[in-house]
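Student: Dropping the structure in here first, questions after.
Encoded structure:
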């Protein structure tokens with residue numbers, strides 16, 4: 306069983322993706338300057 310968490314905060318968009326048991330879940334938002342506030346809640350939503 307492989308689990309992989311991917312985070313991207315390099316641009317004005319913020320995205321997270323989770324690969325678990327062959328299934329991919331993801332969340333994407335365009336949120337300039339709010340990455341630090343939204344990143345953990347976005348991860349929590351995927352879990």
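Numbering (our numbering), first residue to last: 306 to 352.
C-beta atoms are modelled at their ideal positions from N, C-alpha and C, and glycine is treated no differently.
Keep in mind the model is a prediction, meaning the values are calculated, not measured.
On the three-state DSSP scale, how would you describe residue 341?
Tutor: helix
Student: Can you look up residue 326 in the DSSP assignment and give me helix, strand or coil?
Tutor: Residue 326: coil per DSSP, three-state reduction.
Student: Given a cut-off of 8 Å on the beta-carbon distance, is the pair residue 322 and residue 335 in contact?
Tutor: No Cβ-Cβ contact shorter than 8 Å links residue 322 with residue 335.
Student: Taking a contact to mean a Cβ-Cβ separation below 8 Å, would you say residue 308 touches residue 340 in this structure?
Tutor: Taking 8 Å as the Cβ cut-off, residue 308 and residue 340 do not qualify as a contacting pair.
Student: What are the start and end residues of the beta strand (DSSP E) that includes residue 310?
Tutor: 308–313
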